[in-house]
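Quick note on UniProt numbering: the sequence shown kicks off at 1 and runs consecutively.
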Amino acid sequence: MPGADAAHRFAATYTRMLPARVERINQALDDGDDHQAMDAVLSLKISSAMVGALQMEQHCARLEDALARTDRTGAAAAGEDVTRHQAELEKVLRVPGNKLLPVQALDKEGCSTPNKTGTLESNQTH
């Protein structure tokens, strides 16, 4: 099915780019560069929504809100949540060889049901 192949390619690209995106957010926060942090978090938030990584999207939305309010303490806390969630999300989306787990395997591991794109995310909250 062409749509499923495209969704899997997008999810694989998302997974491959996730560490660099999170690092870009962390570096901007460490540098006190709110403009770069906002740019990086919006990119991750949108791609997370598209892949169905709803918890990551929520962490990014909290970081976006803190940055918009110039709340450095809130931004730091939300940035830590993004970083913590990265590891969990990678476990769910990636298996050896950069292939996505089948839906059945993810369901057995206590993950959510597939969203419209067929991708899944862990139900664990951080």
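Ideal Cβ positions, reconstructed from N, Cα and C, are used throughout, including at glycine.
- With respect to Ala49, Ala66 sits apart: the two C-beta atoms are not nearer than 8 Å.
- The continuous alpha helix (DSSP H) containing Ala49 extends over residues 34 to 51.
- The three-state secondary structure of Arg9, taken from DSSP, is helix.
- A check of alpha carbon separations from Asp71 across Ala37, Gln27, Ala11 identifies Ala37 as the nearest.
- In this structure, the alpha-carbon of Ala87 lies about 18 Å from that of Ala40.
- Annotation for Val22: Leu44, Val82, Thr83, Gln86 place their beta carbon closer than 8 Å to its own, counting only its chain and skipping 5 residues before and after.
- The C-alpha of Leu29 is placed about 24 Å away from the C-alpha of Thr13.
- DSSP places Thr83 in the helix class (H, G or I) of the three-state scheme.
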